[in-house]
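The opening position of the sequence shown corresponds to residue 1451 in the numbering used here, with each subsequent residue numbered one higher.
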Amino acid sequence: EWSDSERSTIASVWGKINVDEIGPQALARVLIVYPWTQRYFGAFGNLSSATHGRTVLNALDKAVKNLDNIKGTYSELSQLHCDKLNVDPDNFRLLADCLTIVVASAFGSALSPAVQATWQKFLSVVVAALSSRYF
Ligand code: ZNH
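Following this line, the structure appears as structure tokens:
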């Protein structure tokens, strides 16, 4: 399902992402633009949301390395978010969108329309995989 050029585009975008910067920025943006998401992190405060931003982005590494089985890779993580964390799966897409915005601001013209389209396709597969154990 992935072409060679999509594979190399995803690997190249991922290689240029600084997880420690982009992760906290993307999660902070979700919490500001969609304040109701703060309830998932309310007990922990901002420090933990920065930590979680890093955790989430680090977890994306697994998807980049398992492009042909993203659904299987995130099966347990999906179940955890559904059963234990009770995170509404709509939030995965909100985070993916904020991540794209933060990546676009950081990359500038390096994120061409074609590159961005492939990156968003990748994130939409991630979002679907994280939602796959919800029913
Ligand atoms: Zn999440 C957790 C990933 C999204 C919320 N996460 C988590 C973890 C991981 C993740 C890896 C860890 C796990 C363990 O511990 O085992 N996420 C992720 C990803 C994504 C996400 C990849 C996408 C892309 N999350 C999300 C969202 C939300 C969340 C959107 C909301 C809004 N998570 C969460 C929580 C938790 C998690 C709450 C828990 C935290 C703590 O514990 O601290």
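Ideal Cβ placement from N, Cα and C applies to all residues, glycine included.
Just verifying my parser: in three-state terms, what is the DSSP assignment at Y1484?
As a first step, residue 1484 is located in the sequence shown; it is residue number 34 there, counting from the start. DSSP places Y1484 in coil when its eight states are reduced to three.
Whole-angstrom Cβ separation of T1635 and K1512, contact assumed at under 8 Å?
Residue 1635 cannot be examined here, being either before or after the span of the chain that is shown, 1451 to 1585.
Where V1480 and W1464 are concerned, what is the direct C-alpha to C-alpha distance, given to the nearest angstrom?
One-based indexing of the sequence shown puts residue 1480 at position 30. One-based indexing of the sequence shown puts residue 1464 at position 14. So the two alpha carbons sit approximately 20 Å from each other.
Output needed for Y1584: all residues of its chain with C-beta closer than 6 Å, excluding positions within five of it in sequence on either side, in chain order.
Along the sequence shown, read from residue 1 onward, the residue named residue 1584 stands at position 134. If we look at Y1584 and ignore the five residues flanking it on each side, its Cβ neighbours are C1532, P1539.
Output the distance between the C-alpha atoms of T1501 and A1478, rounded to the nearest integer angstrom.
Position 51 of the sequence shown holds residue 1501. Position 28 of the sequence shown holds residue 1478. Cα-Cα distance, rounded: 11 Å.
Once the 5 residues before and after A1440 are set aside, which same chain residues still bring their CB inside 7 Å of it?
Past the edges of the chain, shown from 1451 to 1585, lies residue 1440, and the structure says nothing about it.
Determine the extent of the alpha helix (DSSP H) in which C1548 is found, giving its start and end residues.
Taking the sequence shown and counting its residues from 1, the one referred to as residue 1548 is at position 98. Here the alpha helix (DSSP H) through C1548 covers 1540 to 1557.
Which two residues bound the contiguous alpha helix (DSSP H) that contains A1578?
Taking the sequence shown and counting its residues from 1, the one referred to as residue 1578 is at position 128. A1578 -> alpha helix (DSSP H) spans 1563 to 1580.
Does DSSP put Y1490 in a helix, in a strand, or in coil?
By one-based count along the sequence shown, residue 1490 stands at place 40. Helix.
Which residue's Cα is closest to the Cα of D1454: D1518, E1526, A1579?
Here the question's residue 1454 lines up with position 4 in the sequence shown. Nearest C-alpha to D1454: D1518.
Quick one: using the 10 Å Cβ neighbour count with 16 as the cut-off for buried, is C1535 buried or exposed?
Numbered from its first residue, the sequence shown carries residue 1535 at position 85. The amino acid occupying residue 1535 in the given sequence is Leu; Cys does not appear at that position. L1535 comes out exposed.
If you measure between the beta carbons of F1572 and I1460, is that distance less than 8 Å?
Here residue 1572 is taken as the residue at index 122 of the sequence shown, counted from 1. Here residue 1460 is taken as the residue at index 10 of the sequence shown, counted from 1. Yes, Cβ-Cβ distance for F1572 and I1460 is below 8 Å.
Is it buried or exposed, V1577, if we count other Cβ atoms within 10 angstroms and call 16 or more buried?
Position 127 of the sequence shown, counted from the start, is the residue given in the question as residue 1577. Answer is buried; the Cβ neighbour count reaches 16.
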